[in-house]
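Below: the structure, in C-alpha cells.
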Amino acid sequence: MKLLLVVSALLAASACFIYRPVPSGVSEPWKLMLLDACTRFMRTLGTVGHWLGLGSLVNTVSSRMMMADARSDADVTVVDTTLGGLPTRVFVAKSGEKLKRGVLYFHGGGWAYGSWKFYDSLLRRAAKDLDAVVMSVDYRLYPEAVFPAQYNDALAAARAFLSPQVLEDYSMDPGRLGVSGDSAGGNLAAAVALETGSDNSLSVKFKVQALIYPVLQALDFNTPSYVQNQNDCILSRPKMVQFWLWYLGGDLSLKPVLIANNHSSVEEPAVTADIRSRVDWTSLLPARVTQNFQLVVKEKGTPGVVDKLPGLMDVRAAPLLAESSVLSRAPKAYVMTCEFDVLRDDGLMYVRRLQDAGVPVTSDYLKDGFHGCISLSSIFNLGQRSEDSYVHWLQQNL
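Reading the sequence shown from the start, the letters are residues -15 to -1, 1 to 383 in mature numbering (1 follows the signal peptide of the UniProt record, and there is no 0).
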C-alpha cells in the first residue's frame, strides 16, 4: 500500500511538472509541453550548477548528452578545429563547385548555455544542400564570461573567417559568405554583421546575414510579444531578462526593475528620444501585432540602472539601437520570427529598421512557431518547415 502511495505521488508530481498550458495555435502542443518540461529540468540543473560553481561542468555534461563527436558521412566532412582561437566545428560538403559558399554560425543559449554540438543536423544539412563550408564556434559562456567577451569572441571568429588565409584553406568564394545564428547567437550574428559592414579595412565582407529569432534589445520588456508570451514555454520573459542580466554582468535583484521597464524611464538621461524611437514598437510593428497592447514608458524609474549596466545602451549588445547610417551598411538580411516567442517583436522591429535604412530584408514569420523550433526538426514538423525555409533562403540569396 505504501509503495502504491509513493508511486502515485511520484506520478502526480511528474504530471504536475510536465503539464504547463501552452498557447492556442502553437504547433503540436503536447510535444511542446514535454519539451518544455525537459528544458525546465535542464535549466534547473544548470542554475544549480552555477550556484555551486559548476557551470562549466553542467555545460560539458549537457553537451555530451547531444551528438558530440565530429562524425563525417557520405555527403559532408566534419572536423573540429579552431577559428580566431576558438573551438570550431567545420562542415564541408564533399561534392560540387570548387569554390564553395561559406556560412559562419553562432549557436543560441542565452550567452550562457549551448554549443555547436546541439546544431549538428541543421549545420550538416546546410553544408550539404548549399554545397558550402559551414563553421560554428564555441564562444565563451556565462559565468566564465560576460559582455563584451562573447561579442569579442564572435567578432574574432568573423575576422578570421573573412581572412584570405581561411578562405583559401577551405576554398570558399569570397563573394558568397554569410553570417548566421539563432537567439543569442542571432544577436551575435547581427552585431558582427553591423561591425564588419562598417569596417572599411576589410577587403572581404559578408554578403548576407540570416537571423533566427534574434535577441536585439533590452530597453523594452513590455513589447506585445513580451507581454503576450511572458509565461510561455521554452523562453519566458523572466528567463530572458535573467539571460540579459547574466550577459551584462548585472545583479539578478534588478530583474523586476527591467521587467517593469523602470530602467528605461523618461527621467533616465541616457535613454534619449532618439534612442527610444529605435525601439518604439508602436511605429515599427504592423497593426496585426500591436493590437490593443499599450506602450509602457515609466515617467519615474529606478535611478542608476544604465550606469550599472552600460551594455543596455551598447549597440554591440543591442543591435536594434544602431543608427540608421550603420544599419544601411549591413548585408542583405533574413529574419525568422515566431508568433509564440517573447523575441518576436525584436526581430520584426529590426526588419522594419533595416528596410527603412535601405537594406533588402526577407521577414519569415511562423504563425504557429515557438522559440527554438529550428533545432527540433527531428521532433516537430514545424522544426522541419523552419529548417526548410532557412536553407531555401540561403540557396536563393547566397
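C-beta: ideal position from N, C-alpha, C; glycine also.
- Message: Please list the terminal residues of the continuous beta strand (DSSP E) segment that includes S348.
- Response: Start and end: V346 to F355.
- Using the C-alpha atoms, what's the distance from R337 back to S362? 28 Å
- Message: On the criterion of 16 or more Cβ atoms from any shown chain inside 10 Å, does G182 qualify as buried, or is it exposed?
- Response: buried
- Task: Quick one: which unbroken beta strand (DSSP E) runs of 3-plus residues sit fully inside the stretch 305 to 340? Chain order, please.
- Result: Taking 3 residues as the minimum length, the beta strand (DSSP E) runs contained wholly in the stretch 305 to 340 are 317 to 325, in order along the chain.
- In or out: L328 buried (at least 16 other Cβ within 10 Å) or exposed? Its Cβ being crowded by 16 or more others within 10 Å, L328 is buried.
- Task: Could you tell me which uninterrupted beta strand (DSSP E) segments, each at least 3 residues in length, are contained entirely in the stretch 61 to 132, listed from first to last along the chain?
- Result: 61 to 68, 71 to 78, 85 to 91 and 117 to 122
- Compute the beta-carbon to beta-carbon distance between P159 and V193, rounded to the nearest angstrom, for a pair I have assumed lies under 8 Å. Not confirmed; about 13 Å, so no contact.
- Query: Looking only at its own chain, which residues have a Cβ that is under 8 Å from the Cβ of T275, when we skip the five neighbours before and after it?
  - Reply: These residues qualify, in order along the chain: P209, W266 and T267.
- Query: D292: which of V264, S249, L270 and Y124 sits nearest, CA to CA?
  - Reply: S249
- Report the residue from Q213, S262 and A195 whose alpha carbon sits nearest the alpha carbon of F325. Q213
- Task: Please list, in chain order, all residues of the same chain as L201 whose beta carbon is under 6 Å from its beta carbon, the five residues on each side excluded.
- Result: P304, L305, D331 and Y335
- Task: Label H92 either buried or exposed according to how many other C-beta atoms from any shown protein chain fall within 10 Å of its C-beta, with 16 as the threshold for buried.
- Result: buried
- Query: Using the beta-carbon count (16 or more within 10 Å), is N172 buried or exposed?
  - Reply: buried
- Whose CA, out of Y124, A143, T257 and E252, lies closest to the CA of T287? E252
- Cα-Cα, which of L333, T322, R301 and Q369 is closest to A176? R301
- the stretch 106 to 122 touching the stretch 69 to 80, judged by at least three CB pairs closer than 8 Å: yes
- Message: I need the straight-line Cα distance from A307 to R263, nearest angstrom please.
- Response: 8 Å
- Message: Going by DSSP in three states, L383 sits in which element: helix, strand or coil?
- Response: coil
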